[in-house]
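Report on one structure; see the data block that follows.
Residue numbers (the numbering used here): 626 to 1183.
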């Protein structure tokens, strides 16, 4: 019996087959429950998916640099939504919004699994008896709750594997295909540019060690950069050639941090990771550190592991101390020249944590008497921890996909208004404006990482009196502003408004709202219209499939 089990643990096909089956089991609930599934809302359903829907509704799947998407803010630059050529959009086009999202997530998991498996195999080059370590770690990595629906994080092991092959001058076409396709299925500003820094470090190391330039590797980097230039050309066009576009990001002022706050932020990054780049490594951190220390003391140092540990520490310090009070001025000067968040190296962390885990578990399996058993226990416990982070557990108390977007409810509202949707504009109160945008309304409010500064100023006039009532909201809008929402001081930042309350004293500048074309307010809270001559109550809408009760108000003509 033991011999049979050991035979299965070295059988590559069996191990990969089991892993692929577990990936299918992991995603089966999303397929079984469909749109009744509970999915992350924050920075996901409230934004990323609505951007895709707005783009598809506009008909501008591919567009010229100077063409705006009309559904938002009376026209928002196409570059504010997505790269021109983004493979993830294809699945939405083919399968619809919900299943397009799920198809993307399954592809992400499969790419993560294969990429991590082949990367570990290349780095570790294990004996056949340790195949289960590579497959187990690859499975763990593939089931992480990767944010959004591109390969920006989960695809990094695969593209690094391809570059390591190119570095060794292996000319198989699949390596070139990987580095060409990846920029069309990932974000340059989230991970691409930081991955390029890693490639640059590898190139510099090779030049130092070999005293010559690896031109084949340089060619690979050049092809990679060229693919990003093409896939993100609207971003470069907007930055380099469109002098009329001034982003609202120029006014972003992130809080200055004390020394203790910066230290705590650094420690949190090292221990728990970052919200948008989940690595769920807080338990596997301990065996990793133990193995690294043992390697150092026994002089069996793994240079790759040490290099990764140094990178993790340095990048975490950058993340924690970028806005340290004693260097915040310099940081802001740098970011005014380079309009990206230079602390985003953390998007590379999930890949590196699991490379470290693979190296550490291989060491344990090789050199401890009961090492293989211990490794199996570590993999199993981490698998249970990752499964416990499944959306069906972590998001069970928020509205389901169907309840959140409430398509039937908003269809009723559209039918009742009975006007061409491009002939009027709406704002939302107490709910994410992305919901209205998803349902085809032309919105004056929304959540975008980049939009014209002039529009931020115009929209601020509408909500200025409400901001004056709340220092928290005023700082949130003025110093950040990516959520360009119709804020009410009484509701605060209650975007889900689970326990609706009546807004007793709404002080919007309705003249400024009319000037932007605003005609309707879609509110999850009742508005006391007694003292407001500028709006009138129209009707309240409810639907069994909706979490919201929407009160519709019309902005009266002057």
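The beta-carbon is built from N, C-alpha and C at its ideal position, and this holds for glycine as well. Source: prediction; values computed, not measured.
Q: Tell whether a beta-carbon distance below 9 Å holds between residue 1042 and residue 1069.
A: Result no, Cβ atoms of residue 1042 and residue 1069 do not sit closer than 9 Å.
Q) Can you tell which of 643, 754, 676, 649 has its C-alpha closest to the C-alpha of residue 991? A) Cα-wise, what sits closest to residue 991 is 754.
Q | For residue 1112 and residue 1098, believed in contact at Cβ under 8 Å, the rounded distance | A | With a Cβ gap of about 5 Å, residue 1098 and residue 1112 count as contacting.
Q: Tell me, please, whether the segment 1054-1061 touches the segment 1085-1095 by the rule of three or more beta-carbon pairs shorter than 8 Å.
A: By the Cβ test, the segment 1054-1061 is not in contact with the segment 1085-1095, since fewer than three Cβ pairs between them sit closer than 8 Å.
Q: Go ahead and label residue 826 buried or exposed: buried means 16 or more other beta carbons lie within 10 angstroms of its beta carbon, across all protein chains shown.
A: With fewer than 16 Cβ atoms within 10 Å of its Cβ, residue 826 is classed as exposed.
Q. Should residue 976 go down as buried or exposed, given a rule of 16 or more other Cβ atoms within 10 Å for buried?
A. A residue is called buried when at least 16 other Cβ atoms come within 10 angstroms of its Cβ; residue 976 meets this threshold and is buried.
Q. Which value, in whole angstroms, describes the spacing of the CA atoms of residue 949 and residue 900?
A. The alpha-carbon atoms of residue 949 and residue 900 are separated by roughly 20 Å.
Q. Hey, how far is the Cα of residue 796 from the Cα of residue 849?
A. Across the structure, residue 796 and residue 849 are spaced so that their CA atoms are roughly 16 Å apart.
Q | Every unbroken alpha helix (DSSP H) inside the segment 757-808 [4 residues or more] | A | Counting whole runs of 4 or more residues, the segment 757-808 contains the alpha helix (DSSP H) stretches 781-792, 798-806.
Q) Hey, out of 676, 751, 1071, whose CA is closest to residue 1050's CA? A) Measuring C-alpha to C-alpha distances from residue 1050 to each of 676, 751, 1071 identifies 1071 as the nearest.
**Q.** Ranges of the beta strand (DSSP E) found wholly within the segment 1034-1113, counting only runs of at least 3
**A.** Here the runs fully enclosed are 1050-1054.
Q.
What ranges does the alpha helix (DSSP H) occupy inside the segment 811-869, keeping only unbroken runs of at least 4 residues that lie completely in it?
A. Runs of the alpha helix (DSSP H) inside the segment 811-869: 818-835, 840-856, 858-865.
Q. Quick one: what's got a C-beta closer than 6 Å to residue 1095's C-beta in the same chain, skipping five residues either side?
A. Correct list, in chain order: 1114.
Q | Nearest-angstrom Cβ-Cβ length linking residue 764 and residue 647, presumed shorter than 8 Å | A | Right, their Cβ atoms sit about 6 Å apart.
Q) In whole angstroms, what separates the C-alpha of residue 694 from that of residue 1079? A) Roughly 17 Å separates the two Cα atoms.
Q: Counting only the same chain and skipping the five closest in sequence on each side, list residues whose C-beta sits under 8 Å from that of residue 837.
A: Here residue 837 has no same chain residue with a Cβ atom under 8 Å from its own Cβ, once five neighbours each way along the sequence are excluded.
Q.
For the segment 927-937 against the segment 794-811, do three or more pairs of beta-carbon atoms, one drawn from each stretch, fall closer than 8 Å, so that the two count as touching?
A. With a cut-off of 8 Å, the segment 794-811 and the segment 927-937 do not count as touching, because too few Cβ pairs lie within range.
Q. Given residue 641, which residues of its chain have a CB within under 7 Å of its CB, disregarding the five upstream and five downstream residues?
A. Annotation for residue 641: 760 place their beta carbon closer than 7 Å to its own, counting only its chain and skipping 5 residues before and after.
**Q.** Cβ pair count under 8 Å reaching 3, the segment 726-742 against the segment 776-787
**A.** Because the criterion of three Cβ pairs below 8 Å is met, the segment 726-742 and the segment 776-787 touch.
Q: Taking only the alpha-carbon atoms, compute the straight-line gap between residue 627 and residue 989 and give it to the nearest angstrom.
A: Because residue 627 carries a pLDDT of 49, less than 50, the predicted location of this residue cannot be relied on, and no value is offered for it.
**Q.** DSSP state of residue 1182 mapped onto helix, strand, coil
**A.** Residue 1182: coil per DSSP, three-state reduction.
Q.
So, with DSSP's three-state summary, where would you put residue 626?
A. Low per-residue confidence applies at residue 626: pLDDT is 47, beneath 50, and the placement is therefore not dependable, though the value from the model is reported in the following sentence. In the structure shown, the three-state DSSP call for residue 626 is coil.
Q.
Please state the DSSP three-state secondary structure of residue 975.
A. In the structure shown, residue 975 sits in a helix (DSSP, three-state: H, G or I).
Q: Put residue 872 into one of helix, strand or coil per three-state DSSP.
A: DSSP places residue 872 in strand when its eight states are reduced to three.
(Q) Taking the alpha-carbon of residue 1164 as reference, which of 1039, 1157, 715, 1075 has the nearest alpha-carbon? (A) The residue with the shortest Cα to Cα distance from residue 1164 is 1039.
Q: With a cut-off of 8 Å on the beta carbons, I'd call residue 1107 and residue 1074 a contact; round off their distance for me.
A: About 6 Å; that satisfies the 8 Å criterion.
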